[in-house]
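*Asks:*
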Amino acid sequence: MELQLGLALPPPPLIPIETFDLNSYGNYETREALGTNALSWPLLKLGPADNDINNIHHHNSSSSSSSSGGGAGCKKRSFDEAPFFDEKRNVPKTLHLLLWTNQPNDEDDDPSNVLHENSSSAIFKNDGEGLVGWPPVKTWRKKVHHQIPNGGAENNRLPAVENGIGGRASKSTYVKVKMEGVPIARKIDLSVHHSFEGLTNTLMRMFGISDGNRKSFKLTYQDREGDRLLAEDVPWRTFIRSLKCLKLIRSRG
Amino acid sequence: MQKKMAYSFPDEVLEQVFSFIQSDKDRNAVSLVCKSWDEIERWCRRKVFIGNCYAVSPRMVIRRFPEVRSIKLKGKPHFADFNLVPDGWGGYVLPWIAEMAGAYPWLEEIRLKRMVVTDESLELIAKSFKNFKVLVLFSCEGFSTDGLAAIAASCKNLRELDLRESEVDDLSGHWLAHFPETCTSLVSLNISCLRSDEVSFSALERLVGRCPNLRSLRLNRAVTLDKIANILRRAPQLVDFGTGYYAAELQPDVFSNLAGAFSSCKELKSLSGFWDVVPAYLPALYSICPRLTSLNLSYATIQSPDLIKLVSHCPRLQRLLVLDYVEDSGLEELASSCKDLQELRVFPSDPFGAEPNVSLTEQGLVAVSLGCPKLRSVLYFCRRMSNAALVTIAQNRPNLTRFRLCIIEPKTPDYLTLEPLDVGFGAIVEHCKDLRRLSLSGLLTDHVFEYIGTYGKKLEMLSVAFAGDSDLGLHHVLSGCESLRKLEIRDCPFGDKALLANAAKLETMRSLWMSSCAVSFGACKLLGQKMPKLNVEVIDETEPPDSRPESCPVDKLYIYRSVAGPRFDMPPFVWTMGEAVRILH
Numbered sequence: 001m002e003l004q005l006g007l008a009l010p011p012p013p014l015i016p017i018e019t020f021d022l023n024s025y026g027n028y029e030t031r032e033a034l035g036t037n038a039l040s041w042p043l044l045k046l047g048p049a050d051n052d053i054n055n056i057h058h059h060n061s062s063s064s065s066s067s068s069g070g071g072a073g074c075k076k077r078s079f080d081e082a083p084f085f086d087e088k089r090n091v092p093k094t095l096h097l098l099l100w101t102n103q104p105n106d107e108d109d110d111p112s113n114v115l116h117e118n119s120s121s122a123i124f125k126n127d128g129e130g131l132v133g134w135p136p137v138k139t140w141r142k143k144v145h146h147q148i149p150n151g152g153a154e155n156n157r158l159p160a161v162e163n164g165i166g167g168r169a170s171k172s173t174y175v176k177v178k179m180e181g182v183p184i185a186r187k188i189d190l191s192v193h194h195s196f197e198g199l200t201n202t203l204m205r206m207f208g209i210s211d212g213n214r215k216s217f218k219l220t221y222q223d224r225e226g227d228r229l230l231a232e233d234v235p236w237r238t239f240i241r242s243l244k245c246l247k248l249i250r251s252r253g
Numbered sequence: 001m002q003k004k005m006a007y008s009f010p011d012e013v014l015e016q017v018f019s020f021i022q023s024d025k026d027r028n029a030v031s032l033v034c035k036s037w038d039e040i041e042r043w044c045r046r047k048v049f050i051g052n053c054y055a056v057s058p059r060m061v062i063r064r065f066p067e068v069r070s071i072k073l074k075g076k077p078h079f080a081d082f083n084l085v086p087d088g089w090g091g092y093v094l095p096w097i098a099e100m101a102g103a104y105p106w107l108e109e110i111r112l113k114r115m116v117v118t119d120e121s122l123e124l125i126a127k128s129f130k131n132f133k134v135l136v137l138f139s140c141e142g143f144s145t146d147g148l149a150a151i152a153a154s155c156k157n158l159r160e161l162d163l164r165e166s167e168v169d170d171l172s173g174h175w176l177a178h179f180p181e182t183c184t185s186l187v188s189l190n191i192s193c194l195r196s197d198e199v200s201f202s203a204l205e206r207l208v209g210r211c212p213n214l215r216s217l218r219l220n221r222a223v224t225l226d227k228i229a230n231i232l233r234r235a236p237q238l239v240d241f242g243t244g245y246y247a248a249e250l251q252p253d254v255f256s257n258l259a260g261a262f263s264s265c266k267e268l269k270s271l272s273g274f275w276d277v278v279p280a281y282l283p284a285l286y287s288i289c290p291r292l293t294s295l296n297l298s299y300a301t302i303q304s305p306d307l308i309k310l311v312s313h314c315p316r317l318q319r320l321l322v323l324d325y326v327e328d329s330g331l332e333e334l335a336s337s338c339k340d341l342q343e344l345r346v347f348p349s350d351p352f353g354a355e356p357n358v359s360l361t362e363q364g365l366v367a368v369s370l371g372c373p374k375l376r377s378v379l380y381f382c383r384r385m386s387n388a389a390l391v392t393i394a395q396n397r398p399n400l401t402r403f404r405l406c407i408i409e410p411k412t413p414d415y416l417t418l419e420p421l422d423v424g425f426g427a428i429v430e431h432c433k434d435l436r437r438l439s440l441s442g443l444l445t446d447h448v449f450e451y452i453g454t455y456g457k458k459l460e461m462l463s464v465a466f467a468g469d470s471d472l473g474l475h476h477v478l479s480g481c482e483s484l485r486k487l488e489i490r491d492c493p494f495g496d497k498a499l500l501a502n503a504a505k506l507e508t509m510r511s512l513w514m515s516s517c518a519v520s521f522g523a524c525k526l527l528g529q530k531m532p533k534l535n536v537e538v539i540d541e542t543e544p545p546d547s548r549p550e551s552c553p554v555d556k557l558y559i560y561r562s563v564a565g566p567r568f569d570m571p572p573f574v575w576t577m578g579e580a581v582r583i584l585h
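As given, the protein sequences belong to chains V and U, one line each in that order.
Quick note, the first sequence lines up with residues 1 to 253 if you use full-length UniProt numbering.
Quick note, the second sequence lines up with residues 1 to 585 if you use full-length UniProt numbering.
Structure follows, in structure tokens:
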């Protein structure tokens, strides 16, 4: 079928899913044989339920590793009991995959899924604005695109470190943060903070400083001229515009 | 049998024969033939490539290959480019330099990628290797111009100094003046990443002027347009040139000077740089355009009409890097003018904007795939895609070896049918039988991984984000992709099952990265305990993984094979799983 641009109809799937045959490929044989204990690793079903491809092993819901209930206990049983590193047995040509209990509910009850929900909100770090590392553009390139796209060099100066103005994590900028006494510097994305409060909270978390100890640290920064200043002495906007790097020092007295 | 061989082929003869064998794979094969060949081969291996600096220890390398002259090391995982690997994770080169300083006094070449290099390391290099010739620091960090000054000052036979895309603490431009007046050996100098406004321009000019073999010179943004002509006139033999700023008020004498300087460079084939471009100065390049094979305009914020004009002068272009300002119209022009095109990379001008700011769609890529028969490598950022377009591209260009598509909004479906893009990417892997590298994006279900597992037999590197429905997806890839070396995954619902069921596969790969997925801490521990030849690293900056139940998913997971065992230079937020090691921290 000649395919032309703009036609709405996609061609049929390359592999009709209903007749998908596990036996025809997947010849990859693992060197260390995986446990093929049928009870622990019953079969994966692809497509409609009646196309049970591997007839050898059958769906056994009682050993489902994703049954509902307390998380830690369930998980332990399936992982520790499954002898999946059984060196004596070879993996047969038909792949033994893992049980999928077809009821979507089981997936919902799966504690790891619940936690995944939480962790996916963790993707949206930076106070819910934007994804870290997406789109996958190198930091280099992010910094270049500060310029105004109208074909000319409106300003010949180097792109300044500026706080984001609207957009999703637009113009995100990372600055180095050092803590007194800690050899390794970290980096923090400034564009997602809008106040000293928020910034300090993140820094406390990053360096593992408890609330109680918070008072014993002061946030300082180095500006473009190289001077060291106390962060809280200047308004937020001034701070953001002129800072080059941050340092947490222990306050005396 | 071995004795007979020894009499018929003395070692020296074998060594001579082996010296013609350059590829690592072939050399490895040679060393497997028999013990004596292994022995001879290892003494005459001069080049070593280590794809993961933690896969082996410096001592092991030195023990096996005592006479190495050239080493290439890679450190951090690829996703470090996108800030997914926290600072301080690792990848330090100093231990390697320290060991090699003693063992390889005749070392000539060091090439590093994504490693942490300190001034101390650079100073040690400068001091230790009397015949040092080549230093390439690709996407490295941790050093300053002080370290570069040490290299410049001490390395009398330096041929290559290439700092591409590295992060350098640019303390002053005067480091260039540390190249002694006697240094005339430079062949390649790439300082494009240096950000300071000052570069000792007179030192640069003199250096360029006294190195008659200089073939590749990439300047940084500090070098203004009016200075380019001076540099070019001192180095008309250049093959590869990276401009600095390409912007200035249009002045006829500056223009003609520049045009004249370019035209005197008869060997120039490759151009890059072009920060801040004033389109009026582009015609200064026209005299060399017919010879150009490589053009990197990915920092040039010029619009499609100017790009089209430039590109239409370059019929021999093989490699083009450009911003999406080129638009579909520009790519159509490219497709009709540049029949030799092999590689195209289109970068987003406004990656974080919510709305498209340019008219660049899947049409542009389809046009290039139709018009450029030699196209092999694609990196394309866009905002919409269709299965139909992907199928067309696949059918037009079965010779693709690298296909990286980034649809900017995660989980974007086929814009025509609103279906997932499984079929489209499936067509890519099915038709492009030599595909070695693939990056996915858009709305994708487990089906796309079925296709990849079925057809992606030559696939070596796969990047996945916001895709798949279940562990089945990951299982298809791990069980089907026979040549897979690097797999990097973020934000996919892949959990323990596929990983544990394919644990042995991981030993055949260089590395696996998974972040924001659903792999539990318990599974990581188990994997670490059962697979001693893997380092299973759990990365979590917020809290230790064992402060939560074992069924909780880990934030980031990096698994790589290693014969060196667990490493000991980890920061507090990285834990190595393992039996012997407990939870190493």
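Glycine included, C-beta positions come from ideal geometry on N, C-alpha and C.
(1) Can you tell me which of L194(U), K156(U), R345(U) and F179(U) puts its alpha carbon nearest to the alpha carbon of I163(U)?
(2) State yes or no: is the C-beta of L459(U) within less than 8 Å of the C-beta of R436(U)?
(3) Taking the CB atoms as reference points, tell me whether L365(U) and G330(U) lie closer together than 8 Å.
(4) Taking the continuous beta strand (DSSP E) assigned at I110(U), which residues delimit it?
(5) In or out: A354(U) buried (at least 16 other Cβ within 10 Å) or exposed?
(6) Decide if Q22(U) is buried, meaning its Cβ has at least 16 other Cβ atoms within 10 Å, or exposed.
(7) With distance defined between alpha-carbon atoms, name the residue in L334(U), S439(U), H476(U) and K25(U) nearest to Q318(U).
(8) Residues of chain V with CB closer than 7 Å to the CB of D170(U), please, in chain order.
(9) For the beta strand (DSSP E) holding E488(U), just list the boundary residues, first then last.
(10) Going straight from the alpha carbon of G147(U) to that of S191(V), what length do you get?
(11) Could you please tell me which residues of the segment 186-208 of chain V, in chain order, have their CB closer than 9 Å to any CB of chain U?
(12) Let me know the secondary structure DSSP gives P553(U) once reduced to three states.
(13) Do we get a CB-CB distance below 8 Å when we pair R214(V) with the residues of chain U?
(14) Would you mind reading off the limits of the beta strand (DSSP E) that contains D223(V)?
(15) With 8 Å as the threshold, decide whether the Cβ of I62(U) is near any Cβ in chain V.
(16) By how many angstroms is the C-alpha of V538(U) removed from the C-alpha of S511(U)?
(17) If I measure Cβ to Cβ from E120(U) and keep anything under 7 Å in the same chain, skipping five residues before and after, which residues do I get?
(18) How about C338(U) and C382(U): do their beta carbons lie closer than 8 Å?
(19) Using three-state DSSP, classify S386(U) as helix, strand or coil.
(20) Would you kindly work out how many angstroms separate the C-alpha atoms of F49(U) and D469(U), rounded to a whole number?
(21) Just the Cα atoms here: how many angstroms apart are F255(U) and I489(U)?
(22) For a contact defined as C-beta to C-beta under 7 Å, what are the partners of V132(V) on chain U?
(23) Considering only residues of the same chain and omitting the five flanking positions on each side of T224(U), which have a CB-CB separation below 6 Å?
(24) Quick check: does the Cβ of Y380(U) come within less than 7 Å of any heavy atom belonging to the ligand ZN?
(25) Please work out which residues of its chain come closer than 6 Å, Cβ to Cβ, to G75(U), disregarding the five sequence neighbours upstream and downstream, and give them in chain order.
(26) In chain order, which beta strand (DSSP E) runs of at least 3 residues are fully inside the UniProt domain "PB1" (172-253) of chain V?
(27) Give the straight-line distance between the Cα atoms of C517(U) and D226(U), rounded to the nearest whole angstrom.
(28) Taking the C-alpha atoms as reference points, what is the distance between V40(U) and I97(U)?
(29) Looking at the strands, I want to know which residues DSSP matches up with W513(U).
(30) Write down the C-beta distance between M509(U) and F494(U) rounded to the nearest angstrom, noting that I regard them as a contact closer than 8 Å.
(31) Flag this pair as yes or no: are the beta carbons of T145(U) and L124(U) separated by less than 8 Å?
(32) Give the DSSP bridge partners of C524(U), in chain order.
(33) For M100(U), name the three-state secondary structure that DSSP assigns.
(34) Classify L500(U): buried if its beta carbon has 16 or more other beta carbons within 10 angstroms, exposed otherwise.
(35) Find out if the Cβ-Cβ distance for the pair A235(U), L207(U) is shorter than 8 Å.
*Replies:* This is what the structure gives:
(1) Here residue 163(U) corresponds to residue number 163 of the second sequence, with the count starting at 1. For the record, residue 163(U) in the displayed sequence is Leu; it is not Ile. Comparing Cα positions, the closest option is L194(U).
(2) On the second sequence, residue 459(U) is found 459 positions in, with the first residue counted as 1. On the second sequence, residue 436(U) is found 436 positions in, with the first residue counted as 1. Against a cut-off of 8 Å, the Cβ pair of R436(U) and L459(U) comes out as a contact.
(3) On the second sequence, position 365 is the one that residue 365(U) refers to. On the second sequence, position 330 is the one that residue 330(U) refers to. It is not a contact, given that the beta carbons lie outside the stated cut-off.
(4) One-based indexing of the second sequence puts residue 110(U) at position 110. E109 to K113 is the extent of the beta strand (DSSP E) around I110(U).
(5) As a first step, residue 354(U) is located in the second sequence; it is residue number 354 there, counting from the start. By the 10 Å Cβ count, A354(U) comes out exposed.
(6) The sequence position of residue 22(U) within the second sequence is 22, counting from 1. It is exposed - the Cβ of Q22(U) has fewer than 16 other Cβ atoms within 10 Å.
(7) Translated into the one-based positions of the second sequence, residue 318(U) becomes position 318. Looking at the Cα atoms, L334(U) is the closest of the given residues.
(8) Within the second sequence, residue 170(U) is the residue found at index 170, counting from 1. Those within 7 Å of D170(U) in chain V number zero; the least Cβ separation is about 11 Å.
(9) Along the second sequence, one-based indexing puts residue 488(U) at 488. Counting along the chain, the beta strand (DSSP E) containing E488(U) begins and ends at K486 to R490.
(10) Locating residue 147(U) in the second sequence gives position 147, where the first residue counts as 1. Locating residue 191(V) in the first sequence gives position 191, where the first residue counts as 1. So the two alpha carbons sit approximately 31 Å from each other.
(11) R186, K187, D189, R205, M206 and G208
(12) Translated into the one-based positions of the second sequence, residue 553(U) becomes position 553. Strand at P553(U).
(13) Reading the first sequence from its first residue, position 214 is the one you call residue 214(V). Not one chain U Cβ lies under 8 Å of R214(V).
(14) Position 223 of the first sequence holds residue 223(V). That run of the beta strand (DSSP E) goes F217 to D223.
(15) On the second sequence, position 62 is the one that residue 62(U) refers to. So, not an interface residue.
(16) As a working note, residue 511(U) is residue 511 in the second sequence. As a working note, residue 538(U) is residue 538 in the second sequence. Spanning the two alpha carbons is a distance of roughly 14 Å.
(17) Sequence index remark: in the second sequence, residue 120(U) carries index 120 (1-based). The answer, listed in chain order, is L94.
(18) To locate residue 338(U), count along the second sequence from 1; it is residue 338. To locate residue 382(U), count along the second sequence from 1; it is residue 382. Against a cut-off of 8 Å, the Cβ pair of C382(U) and C338(U) comes out as no contact.
(19) Here residue 386(U) is taken as the residue at index 386 of the second sequence, counted from 1. DSSP places S386(U) in coil when its eight states are reduced to three.
(20) Translated into the one-based positions of the second sequence, residue 49(U) becomes position 49. Translated into the one-based positions of the second sequence, residue 469(U) becomes position 469. If I take the Cα positions, the gap works out to 37 Å.
(21) On the second sequence, position 255 is the one that residue 255(U) refers to. On the second sequence, position 489 is the one that residue 489(U) refers to. Cα to Cα, the separation comes out at about 49 Å.
(22) Here residue 132(V) refers to the residue found at position 132 of the first sequence. Going along chain U in sequence order, the residues near V132(V) (Cβ under 7 Å) are N83 and L84.
(23) Counted from its first residue, the second sequence places residue 224(U) at position 224. Correct list, in chain order: Y245.
(24) The ligand ZN is not part of the structure shown, which contains no ligands of any sort.
(25) For the purposes of this step, residue 75(U) is identified with residue 75 of the second sequence, where counting begins at 1. Closer than 6 Å at Cβ, skipping near neighbours: C53, G91, R114 and M115.
(26) 174-179, 186-189, 217-223, 228-230 and 243-250
(27) In the second sequence, the residue the question calls residue 517(U) occupies position 517. In the second sequence, the residue the question calls residue 226(U) occupies position 226. C-alpha separation (whole angstroms): 52 Å.
(28) Along the second sequence, one-based indexing puts residue 40(U) at 40. Along the second sequence, one-based indexing puts residue 97(U) at 97. Val is not the amino acid found at residue 40(U); the sequence shown has Ile there. So the two alpha carbons sit approximately 25 Å from each other.
(29) If you number the second sequence from 1, residue 513(U) lands on position 513. Looking at the DSSP assignment, W513(U) forms a beta bridge with E488(U) and Y558(U).
(30) If you number the second sequence from 1, residue 509(U) lands on position 509. If you number the second sequence from 1, residue 494(U) lands on position 494. Contact doesn't hold; Cβ gap of about 15 Å is too wide.
(31) Position 145 of the second sequence, counted from the first residue, corresponds to residue 145(U). Position 124 of the second sequence, counted from the first residue, corresponds to residue 124(U). Going by C-beta atoms, T145(U) is not nearer than 8 Å to L124(U).
(32) For the purposes of this step, residue 524(U) is identified with residue 524 of the second sequence, where counting begins at 1. DSSP lists no partner for C524(U).
(33) Along the second sequence, read from residue 1 onward, the residue named residue 100(U) stands at position 100. Helix, per DSSP.
(34) Taking the second sequence and counting its residues from 1, one reaches residue 500(U) at position 500. By the Cβ neighbour-count rule, L500(U) is buried, with 16 or more other Cβ atoms within 10 Å of its own.
(35) In the second sequence, residue 235(U) corresponds to position 235, counting from 1. In the second sequence, residue 207(U) corresponds to position 207, counting from 1. Not a contact, by the Cβ cut-off of 8 Å.
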